[in-house]
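Have a look at the structure below before the remarks.
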Amino acid sequence: MSINWFPGHMAKARRQIEESLKKVDVVIEILDARIPYASKNPMLDHVIGEKPRVVVLNKKDMASKQETDRWINHLKAKGVYPIALNGKEQNALKKIENTVVEATQEIFDRMARKGINPRAIRAMIVGIPNVGKSTIINNIAKRKVAKTGNTPGVTKAQQWIKAGSKMELLDTPGVLWPKFEDESIGQKLSLTGAIKDNVVTLDDIAIFALKFMQQHHLDELKTFYNINIDADTEIVDIFDAIGTARGFKMSGNEIDYERVTERVIYDTRNAKIGQFTFDLAEDVE
Ligand code: GDP
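When the letters of the sequence shown are read in order and numbered with the working numbering, they come out as residues 254 to 538.
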């Protein structure tokens with residue numbers, strides 16, 4: 254499902270999003286609440302400019318609640334309208350609608366003062382692949398739109414669809430490329446399923462995940478795998494401990510590192526060990 258982004262795709266995606274932007278009052282940018290920094294497209298700020306923006310920290314059910322609150326404060330201070338969301342939840346429409354109304358209040362007040370008849374607020378959803386754009390559109394517009402994760406930019410035949418009584422959405426989201434700037438960002442994108450595993454090697458992703466948890470969530474890590482480690486345990490010993498606890502052994506009683514690796518990635522990606530946020534707001538500040 255992932256896209257291989259070439260410069261041509263990126264230029265096209267950018268152009269199409271610039272075109273769509275002209276038609277909307279507000280942009281709804283979807284980020285993954287577990288990686289609000291890594292899941293942000295690097296060029297979007299520039300293209301959106303001064304247009305009102307709602308930033309959705311989606312998949313909040315898999316992120317650290319405390320860290321999500323910090324991110325909300327951080328984003329508010331930047332002058333955008335943030336909300337934390339589970340894209341599948343019942344009241345997603347109400348939450349997005351309230352925030353979109355708030356973000357566009359000034360524009361519509363101005364229109365009212367000029368005597369222009371009120372109309373629906375026009376919005377578009379944008380974000381990198383797999384952050385939950387289609388899930389949110391389907392949920393709030395109460396209809397099934399095609400999965401668009403493998404189409405850079407936006408497809409041509411866009412239509413307006415109603416989302417609640419106050420909003421109209423472009424039915425195809427803007428699909429933007431992820432950051433490629435450094436290895437740890439690639440590992441975070443991979444760990445959360447935003448990019449395909451083979452882009453970054455699996456061992457590196459598992460090592461990244463284990464180091465992160467050892468540093469920030471040691472108790473959850475110990476409890477989940479029922480292992481006895483501490484903050485100074487070497488990473489290879491953590492692999493050994495998990496392999497032993499889970500019985501991931503090969504012939505000759507050797508630890509099956511491949512199985513440990515896959516398991517750690519699966520458990521982390523699906524928030525089985527705990528609800529973690531891998532980008533800390535304080536690091537960005
Ligand atoms: P898109 O590529 O941005 O359109 O992403 P999708 O809407 O296809 O979502 C990618 C995956 O994330 C799917 O498996 C969704 O079911 C899942 N997903 C979307 N939103 C949420 C959420 O808030 N919480 C959880 N746990 N999963 C979500």
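No residue lacks a Cβ here, since even glycine has one placed at the ideal position from N, Cα and C.
For a test of your reading of the model: does the CB of residue i fall under 6 angstroms from any non-hydrogen atom of ligand 1? Yes or no.
i    : result
T425 : no
D435 : no
V309 : no
S292 : no
D542 : Because the chain is modelled from 254 through 538, residue 542 falls outside the range shown and cannot be assessed.
W384 : A small fix is needed here, since residue 384 is Val in this sequence, not Trp. It does: the Cβ of V384 is within 6 angstroms (strictly closer) of some heavy atom of ligand 1.
G539 : Given that the chain is displayed from residue 254 to residue 538, the structure contains no residue 539 and the question cannot be resolved.
D520 : no
S229 : The shown model of the chain, from 254 to 538, leaves out residue 229, and the question about it has no answer.
K312 : yes
S504 : no
T321 : no
T388 : yes
M315 : yes
Hey, residue i and residue j are a contact pair by Cβ (cut 8 angstroms); roughly how many whole angstroms apart?
i    : j    : result
A484 : L471 : 6 angstroms
K341 : P335 : At roughly 19 angstroms, the Cβ-Cβ gap does not stay under 8 angstroms, so K341 and P335 are not in contact.
Taking Cβ positions, are residue i and residue j nearer each other than 7 angstroms?
i    : j    : result
L310 : L284 : yes
L422 : A416 : yes
F546 : I526 : The question about residue 546 has no answer, for the chain in this structure spans 254 to 538.
R306 : E271 : no
A462 : N479 : no
I438 : A291 : yes
V354 : A376 : no
N339 : D314 : yes
So if DSSP puts residue i in a beta bridge, which residue, or which two residues, is it bridged to?
i    : result
V279 : A376
E421 : R375, K415
Y334 : V307
V214 : With the chain covering 254 to 538 only, the question about residue 214 has no answer from this structure.
L284 : L310
G227 : Nothing about residue 227 can be read from this structure; the chain reaches only from 254 to 538.
I508 : K502
Can you find a CB in chain B that lies within less than 7 angstroms of the CB of residue i?
i    : result
I369 : Checking the listed chains, one finds no chain B in this structure; it contains a single protein chain.
Q: Please confirm if the region 518-530 is in contact with the region 307-323, defined as three or more CB-CB distances below 8 angstroms between the two stretches.
A: yes
Q. Taking three-plus beta-carbon pairs below 8 angstroms as touching, is the region 384-393 in contact with the region 357-365?
A. By the Cβ test, the region 384-393 is not in contact with the region 357-365, since fewer than three Cβ pairs between them sit closer than 8 angstroms.
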